[in-house]
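S.K.: Here's a structure for you.
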Amino acid sequence: MEKILCFKKNLLPPDYLGRETALKIELHEFSRIVEGHQEYQLRGLMEENTDYKQIIPYALIRDTDNCFFVYPRKGSEARLHGLKSCGIGGHVSSHDEAVTLEQTIHNCLKREIFEETGLKPKVFTFLGYINEEIHPVGHFHCGLVFFCEVKDREEIVLSTEITQFNFMEPERLLSENLELWSRLALSLV
Numbered sequence: 001m002e003k004i005l006c007f008k009k010n011l012l013p014p015d016y017l018g019r020e021t022a023l024k025i026e027l028h029e030f031s032r033i034v035e036g037h038q039e040y041q042l043r044g045l046m047e048e049n050t051d052y053k054q055i056i057p058y059a060l061i062r063d064t065d066n067c068f069f070v071y072p073r074k075g076s077e078a079r080l081h082g083l084k085s086c087g088i089g090g091h092v093s094s095h096d097e098a099v100t101l102e103q104t105i106h107n108c109l110k111r112e113i114f115e116e117t118g119l120k121p122k123v124f125t126f127l128g129y130i131n132e133e134i135h136p137v138g139h140f141h142c143g144l145v146f147f148c149e150v151k152d153r154e155e156i157v158l159s160t161e162i163t164q165f166n167f168m169e170p171e172r173l174l175s176e177n178l179e180l181w182s183r184l185a186l187s188l189v
């Protein structure tokens, strides 16, 4: 069974745990809180343990026309049906582990972006931290939002999980029916 990166939720300051939180912080600020306290636990156990937060690196992909990658959500979760997402992200696996927490997070981000889009971005810009405590799944996850740029949309090769996509201007994107994490992430741009 997969082991994922997590940490005890009580390490976080109260302003990191709001119902809808988007904080413009530096990655080293988050790392300073968690580094040395992170651990790898079985994913199945952590999906039910509200004492822990699972770290989800979450990337916004923008093209050179300042349009963001967006796709319809699908999957088994009813809360996501009919919603769109502009973020690519996933759990940090023990296979992503590196010397520092920040390197580990970058390894996960590169892997997730490649798995979902076929892209291999070289540069990531950290935008901030997101959290939501509205939906049950939000009690177990926190997001670290990054931005990367794609030069050519033709480079994108979709996975089986994402079967269609578009690029939209930020103003138009905000009028779409976006999942909450995407709305929070876009507020950091």
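According to the UniProt record's numbering, the residues represented by the sequence shown are 1 to 189, in order.
Where is the CB? At the ideal position from N, CA and C, for every residue including glycine.
(1) Between which residues of its own chain and residue 84 is the CB-CB distance below 8 Å, once the five residues before and five after are set aside?
(2) Report the start-end ranges of each alpha helix (DSSP H) in the stretch 144 to 187 that is 4 residues or longer and not cut off at the edges.
(3) Residue 119 and residue 156 - do their beta-carbons sit closer together than 9 Å?
(4) Looking at the structure shown, is residue 86 part of a helix, part of a strand, or coil, going by DSSP?
(5) Please name the residue in 143, 139 and 151 whose C-alpha comes closest to that of residue 50.
(6) Along the chain, where does the beta strand (DSSP E) that runs through residue 69 open and close?
(7) With DSSP run on the structure shown, which of helix, strand or coil describes residue 57?
(8) Output the distance between the C-alpha atoms of residue 125 and residue 28, rounded to the nearest integer angstrom.
(9) Taking the C-alpha atoms as reference points, what is the distance between residue 153 and residue 63?
(10) Going by alpha carbons, who is nearest to residue 42 out of 187, 167, 92 and 115?
(11) To the nearest angstrom, report how far apart residue 96 and residue 174 are at their CA atoms.
(12) Could you tell me which residues DSSP pairs with residue 126 in its beta bridges?
(13) Looking only at its chain, what residues have a beta carbon closer than 6 Å to the beta carbon of residue 149, apart from the 5 residues adjacent to it on each side?
(14) Quick one: residues in its chain with C-beta nearer than 6 Å to the C-beta of residue 128, no 5 flanking neighbours on either side, listed in chain order?
(15) Over the uninterrupted alpha helix (DSSP H) stretch that includes residue 102, give me the two end residues.
(16) For residue 1, is the classification buried or exposed, using 16 other Cβ atoms within 10 angstroms of its Cβ as the cut-off for buried?
(17) Report the residue from 21, 19, 47 and 20 whose alpha carbon sits nearest the alpha carbon of residue 7.
M.R.: Result, derived from the coordinates:
(1) Along the sequence shown, one-based indexing puts residue 84 at 84. Within the same chain, Cβ atoms closer than 8 Å to the Cβ of residue 84 are found at 70, 71, 72, 73, 176, 177, 178, 179 and 182, the five residues on either side in sequence being excluded.
(2) If only uninterrupted alpha helix (DSSP H) runs of at least 4 residues are considered, those enclosed by the stretch 144 to 187 are 170 to 173 and 180 to 186.
(3) For this step, residue 156 is matched to residue 156 along the sequence shown. For this step, residue 119 is matched to residue 119 along the sequence shown. In this structure, residue 119 lies closer than 9 Å to residue 156 by Cβ.
(4) Taking the first residue of the sequence shown as 1, we reach residue 86 at position 86. Three-state result, residue 86: coil.
(5) Taking the sequence shown and counting its residues from 1, one reaches residue 50 at position 50. Among 143, 139 and 151, the Cα nearest to that of residue 50 belongs to 139.
(6) Residue 69 sits at position 69 when you count from the first residue of the sequence shown. Per DSSP, the continuous beta strand (DSSP E) segment holding residue 69 begins and ends at 68 to 72.
(7) As a working note, residue 57 is residue 57 in the sequence shown. Strand.
(8) Residue 125 sits at position 125 when you count from the first residue of the sequence shown. Residue 28 sits at position 28 when you count from the first residue of the sequence shown. If I take the Cα positions, the gap works out to 13 Å.
(9) Here residue 153 refers to the residue found at position 153 of the sequence shown. Here residue 63 refers to the residue found at position 63 of the sequence shown. Put simply, the backbone Cα of residue 153 is about 7 Å away from that of residue 63.
(10) Mapped onto the sequence shown, residue 42 falls at position 42. The option with the nearest alpha carbon to residue 42 is 92.
(11) The residue given as residue 96 occupies position 96 in the sequence shown. The residue given as residue 174 occupies position 174 in the sequence shown. When rounded, the distance between both Cα atoms is 32 Å.
(12) In the sequence shown, residue 126 corresponds to position 126, counting from 1. DSSP, once it has assigned bridges, lists 146 as partnering residue 126.
(13) Here residue 149 refers to the residue found at position 149 when the sequence shown is read from its first residue. Same-chain partners within the cutoff: 62.
(14) Residue mapping note: residue 128 aligns to position 128 of the sequence shown, counting from 1. Hits under 6 Å: 23, 24, 25, 145 and 188.
(15) Against the sequence shown, residue 102 aligns to sequence position 102. Residue 102 -> alpha helix (DSSP H) spans 101 to 117.
(16) Along the sequence shown, one-based indexing puts residue 1 at 1. So residue 1 ends up on the exposed side.
(17) The sequence position of residue 7 within the sequence shown is 7, counting from 1. 47 is the residue among 21, 19, 47 and 20 whose C-alpha sits nearest the C-alpha of residue 7.
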